[in-house]
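First to last, the protein sequences are chains R and C.
Residue numbers in the first sequence follow my numbering, run continuously in steps of one, and reach 728 at the last position.
Residue numbers in the second sequence follow my numbering, run continuously in steps of one, and reach 274 at the last position.
Just so you know, even glycine gets a beta-carbon here, dropped at the ideal spot from N, CA and C.
Given the structure is predicted, the values throughout are model-derived calculations rather than measurements.
All remarks here apply to the structure that follows.
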Amino acid sequence: MRSNILRHNFLTALLLGPATAWLVVFLVLPFVAIAVFSVGERAPEGGYQAAFTFAQYANLPARATAFWNTMVLAPAGALACLLVAYPVAYYLALRAPERWRLILLALVVIPFWTSLLMRTYAWMYVLGGRGIPALLTYVGFEDIRLINTPGAVLLGIVYGYLPLMILPIYVSLERLDRRLLEASADLGATPISTFLGVTLRLSLPGVMTGFSLVMILLLGEYLIPTLLGGGKVFFIGNALVDLFLQSRNWPFGSAIAITLVLVSVVVLLAASRISTRLSGARRVDLI
Amino acid sequence: MRAFVVAVFAFLYLPIALVVLFSFNAGRHASEFTGFSVQWYGKALSNPFLVEALKNSLFIATTSALLAALCGTAAALGLARVGARTRAVFDALLGAAIVVPGVVIGISTLVALVQLFGVVNPFLASLWPNDQPPRLALGYGSIIAAHGLFSMALVAMIVGTRLGSLDRNLVEASSDLYATPLTTFRSIVLPQIMPAVIAGFLLAFTFSFDDFIVAFFVAGAQTTLPIYVFASIRRGVTPEINAIATIVLVASVLLVVLAQWQLRQRKPN
Numbered sequence: 442m443r444s445n446i447l448r449h450n451f452l453t454a455l456l457l458g459p460a461t462a463w464l465v466v467f468l469v470l471p472f473v474a475i476a477v478f479s480v481g482e483r484a485p486e487g488g489y490q491a492a493f494t495f496a497q498y499a500n501l502p503a504r505a506t507a508f509w510n511t512m513v514l515a516p517a518g519a520l521a522c523l524l525v526a527y528p529v530a531y532y533l534a535l536r537a538p539e540r541w542r543l544i545l546l547a548l549v550v551i552p553f554w555t556s557l558l559m560r561t562y563a564w565m566y567v568l569g570g571r572g573i574p575a576l577l578t579y580v581g582f583e584d585i586r587l588i589n590t591p592g593a594v595l596l597g598i599v600y601g602y603l604p605l606m607i608l609p610i611y612v613s614l615e616r617l618d619r620r621l622l623e624a625s626a627d628l629g630a631t632p633i634s635t636f637l638g639v640t641l642r643l644s645l646p647g648v649m650t651g652f653s654l655v656m657i658l659l660l661g662e663y664l665i666p667t668l669l670g671g672g673k674v675f676f677i678g679n680a681l682v683d684l685f686l687q688s689r690n691w692p693f694g695s696a697i698a699i700t701l702v703l704v705s706v707v708v709l710l711a712a713s714r715i716s717t718r719l720s721g722a723r724r725v726d727l728i
Numbered sequence: 006m007r008a009f010v011v012a013v014f015a016f017l018y019l020p021i022a023l024v025v026l027f028s029f030n031a032g033r034h035a036s037e038f039t040g041f042s043v044q045w046y047g048k049a050l051s052n053p054f055l056v057e058a059l060k061n062s063l064f065i066a067t068t069s070a071l072l073a074a075l076c077g078t079a080a081a082l083g084l085a086r087v088g089a090r091t092r093a094v095f096d097a098l099l100g101a102a103i104v105v106p107g108v109v110i111g112i113s114t115l116v117a118l119v120q121l122f123g124v125v126n127p128f129l130a131s132l133w134p135n136d137q138p139p140r141l142a143l144g145y146g147s148i149i150a151a152h153g154l155f156s157m158a159l160v161a162m163i164v165g166t167r168l169g170s171l172d173r174n175l176v177e178a179s180s181d182l183y184a185t186p187l188t189t190f191r192s193i194v195l196p197q198i199m200p201a202v203i204a205g206f207l208l209a210f211t212f213s214f215d216d217f218i219v220a221f222f223v224a225g226a227q228t229t230l231p232i233y234v235f236a237s238i239r240r241g242v243t244p245e246i247n248a249i250a251t252i253v254l255v256a257s258v259l260l261v262v263l264a265q266w267q268l269r270q271r272k273p274n
């Protein structure tokens with residue numbers, strides 16, 4: 442009996458060992474490291490010098506523009522995604538012909554699992570000088586600049602993250618009990634009040650899941666603002682790349698990274714609080 | 006509503022279609038299609054830097070996805086054997102590995118490894134009095150480890166979900182019929198979770214192959230395909246990049262379709 446328990450425990454440890462080591466060495470320890478770095482000082486030649494000061498955090502306003510852009514464009518991008526995604530998810534879940542549903546859904550998912558770099562690059566191509574602007578000039582408009590603007594970044598965000606927003610909304614709409622819609626109509630509700638009172642309301646957990654997923658990913662976004670914002674619309678991610686790889690101010694970068702993680706945690710907690718209140722959070726499979 | 010949905014699908018696929026179309030353009034320009042040609046594919050595949058980056062990416066993606074599939078599956082099996090509290094801690098860590106932004110994973114890995122190398126390298130040097138001592142540095146190892154972290158968590162979650170829906174009656178029947186635990190695992194559990202493991206591997210491969218930001222921080226002197234493409238894009242959009250983009254897009258689509266197909270396999274005999 443005793444040897445059985447020992448064997449059971451040994452096997453469990455053996456199975457969990459590699460994953461635990463990985464998580465500790467490449468997630469927990471690195472996180473502790475940047476937490477320690479964030480209260481340190483920049484060494485004269487760059488890098489880190491041991492200290493205990495909150496000066497790095499006090500210096501956060503120096504990168505206020507990056508924070509401001511991220512804090513405005515991330516929610517705006519997520520909202521724009523939502524506005525485009527909802528009708529698509531609604532159509533796929535409740536209106537699309539049965540035999541088309543899975544194919545259409547696959548068509549939504551495929552772009553999400555293909556390279557974001559390549560998909561963003563496609564828009565550089567379309568919005569760049571030889572793309573739509575050339576077409577507009579041909580038609581008669583002069584001096585149209587589309588790329589390297591906040592609008593281009595917003596467009597790139599919607600394009601990049603749309604599938605991630607459609608999917609959870611689709612899942613919650615698909616699970617919706619259709620008898621509720623009939624009941625609502627039988628009880629004399631107009632289509633609009635059925636939509637607002639039943640459909641929309643019951644899909645809110647999916648909306649929250651999609652919104653918070655997209656928000657979290659956008660907070661750390663680097664490629665879209667770099668390629669479509671052209672160095673004018675920079676995000677926190679751009680500030681981090683600059684601080685760690687160019688100016689080598691590791692302590693300040695660490696303070697920004699810690700702040701970014703804290704903001705992400707707050708967003709996630711707020712989202713899960715709201716979802717729970719809306720009607721019990723549901724797990725959503727993303728693949 | 007249908008018109009709107011059609012417009013959204015066009016929005017999703019038109020830019021991709023343009024890149025694919027112009028990768029076959031005979032001319033250099035994006036605004037006019039001057040004839041069909043595969044010359045840019047030839048140019049891309051005879052560019053030694055690009056081929057090197059492609060090889061690096063394939064090696065890194067294969068290794069990290071294999072490691073992630075092995076460790077993630079083991080973790081999912083192990084998690085099914087532990088108490089609720091241990092499980093909750095583990096699930097939180099796995100969730101963190103997935104949710105923490107790539108930039109943060111990249112910089113924290115960079116910072117931690119550079120510190121570690123700063124301690125280990127002098128120590129190694131003190132052990133090798135005469136010869137050139139081995140030096141740990143950023144490179145393949147650090148990219149594989151950083152990619153594997155996310156992928157392993159993903160595999161653990163996918164396989165864990167599959168284990169949760171496993172038919173327990175079969176497992177019990179197997180041991181009632183005096184099969185050893187190993188036999189039960191080999192002939193009952195493994196075949197049922199295999200599609201999830203393969204799907205996890207393929208998604209991990211796709212993620213690693215596509216990842217730019219994590220590799221950007223921890224690559225050291227190595228170049229991966231996304232890093233190469235990113236650098237080229239910043240120098241200007243070229244038809245050669247269109248050709249690479251097309252190859253990568255087609256490859257990722259094939260992998261994802263394969264992964265989805267694996268996930269939907271119910272009984273793989």
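Query: In chain order, each alpha helix (DSSP H) run of at least 4 residues that lies wholly inside the segment 56 to 132 of chain C; Result: 89 to 104 and 107 to 132
Query: Buried or exposed by the 16-neighbour rule on C-beta atoms within 10 Å, applied to R:Y485; Result: A small fix is needed here, since residue 485 of chain R is Pro in this sequence, not Tyr. Result: exposed.
Query: Contact set between R:S479 and chain C, taken where Cβ atoms lie within less than 9 Å; Result: Within chain C, no residue comes near R:S479; the closest Cβ sits about 10 Å away, beyond 9 Å.
Query: Beta-carbon contacts of R:A537 that lie in its chain and below 8 Å, excluding the five residues immediately before and after; Result: L545
Query: 8 Å Cβ cut-off: residues of chain C touching R:W691; Result: V116
Query: Short CB-CB distance (under 8 Å) between R:W509 and chain C; Result: no
Query: Assumed close pair R:I697, R:I677 - CB separation to whole angstroms, cut-off 8 Å; Result: 6 Å
Query: DSSP three-state assignment for R:N679, whether helix, strand or coil; Result: helix
Query: C:P244: first and last residue of the uninterrupted alpha helix (DSSP H) it sits in; Result: P244 to R269
Query: C:A70: contacting residues in chain R (beta-carbon distance under 8 Å); Result: Ordered by position in chain R, no residue passes the 8 Å Cβ test against C:A70, which lies about 14 Å from the chain.
Query: Where the alpha helix (DSSP H) containing C:R227 begins and where it ends; Result: Residue identity check: residue 227 of chain C is Gln in the sequence provided, not Arg. Premise fails: C:Q227 is in no alpha helix (DSSP H) and is neither H nor E.
Query: Proximal residues to C:G40 (C-beta, below 8 Å), its chain only, five neighbours per side dropped; Result: N30, A31 and G32
Query: Beta-carbon separation (whole angstroms), C:V202 vs C:V164, contact threshold 8 Å; Result: 6 Å
Query: Residues within the segment 547 to 562 of chain R neighbouring chain C, beta-carbon criterion of under 8 Å; Result: A547, L548, V549, V550, I551, P552, W554, T555, S556, L557, L558, M559, R560 and Y562
Query: Neighbour flag for C:P273 against chain R, beta carbons, 8 Å; Result: Its pLDDT being 45, under 50, C:P273 is placed unreliably by the model, and the measurement read from it follows with that caveat. No, because no Cβ of chain R sits closer than 8 Å to the Cβ of C:P273.
Query: Cβ-based contacts, 9 Å cut-off: residues of the segment 527 to 549 of chain R near chain C; Result: P528, V529, Y531, Y532, L533, R536, A537, L545, A547, L548 and V549
Query: Residue-chain proximity (R:L668, chain C), Cβ-Cβ < 8 Å; Result: yes
Query: Interface positions of the segment 233 to 251 of chain C facing chain R (Cβ-Cβ less than 9 Å), listed along the chain; Result: V234, F235, I238, R239, V242, I246, N247, I249, A250 and T251
Query: R:V725 to R:I607 span [Cα, whole Å]; Result: For R:V725, the pLDDT reaches just 47, beneath the cut-off of 50, and the residue's location in the model is therefore unreliable, leaving the point undetermined.
Query: Any C-beta of chain R under 8 Å from that of C:M199; Result: no
Query: N-terminal and C-terminal residue of the alpha helix (DSSP H) that R:Q687 is part of; Result: Looking at the DSSP string, R:Q687 is not in any alpha helix (DSSP H), and its letter there is neither H nor E.
Query: Reduced DSSP secondary structure (H/G/I, E/B, other) of R:F478; Result: helix
Query: Chain-ordered residues of the segment 454 to 469 of chain R with a beta carbon less than 7 Å from chain C; Result: L456, L457, P459, A460, W463, L464, F467 and L468
Query: Nearest neighbour of C:F190, chosen from C:F206, C:L168, C:A204 and C:G205 [CA to CA]; Result: C:L168
Query: First and last residue of the uninterrupted alpha helix (DSSP H) at C:F210; Result: L195 to D215
Query: Euclidean distance between Cα positions of C:P106 and R:V529; Result: 27 Å
Query: From C:L121, C:H152, C:M162 and C:V24, residue whose alpha carbon lies closest to that of C:T229; Result: C:H152
Query: Cβ-based burial, C:M283 [other Cβ within 10 Å; buried from 16]; Result: One cannot answer for residue 283 of chain C here, as it falls past the ends of chain C, which runs 6 to 274.
Query: Start-end ranges of the alpha helix (DSSP H) lying completely within the segment 559 to 595 of chain R, minimum 4 residues; Result: 573 to 580
Query: Contact set for C:A130: own chain, Cβ-Cβ below 6 Å, skip 5 residues either direction; Result: P138
Query: Beta carbon proximity, C:F9 to chain R, threshold 8 Å; Result: yes
Query: Whole-Å CB distance - C:L118 paired with C:L143, under 8 Å assumed; Result: 6 Å
Query: Residues bridged to R:Y489 (per DSSP); Result: R:R483
Query: Identity of the residues DSSP links to C:F41 by a beta bridge; Result: C:N30
Query: Cutoff 8 Å: C:S213 Cβ touching any chain R Cβ; Result: no
Query: Neighbour flag for R:V725 against chain C, beta carbons, 8 Å; Result: Interpretation of R:V725 is limited by its pLDDT of 47, a score under 50 that renders its predicted location unreliable; no figure is taken from the coordinates.
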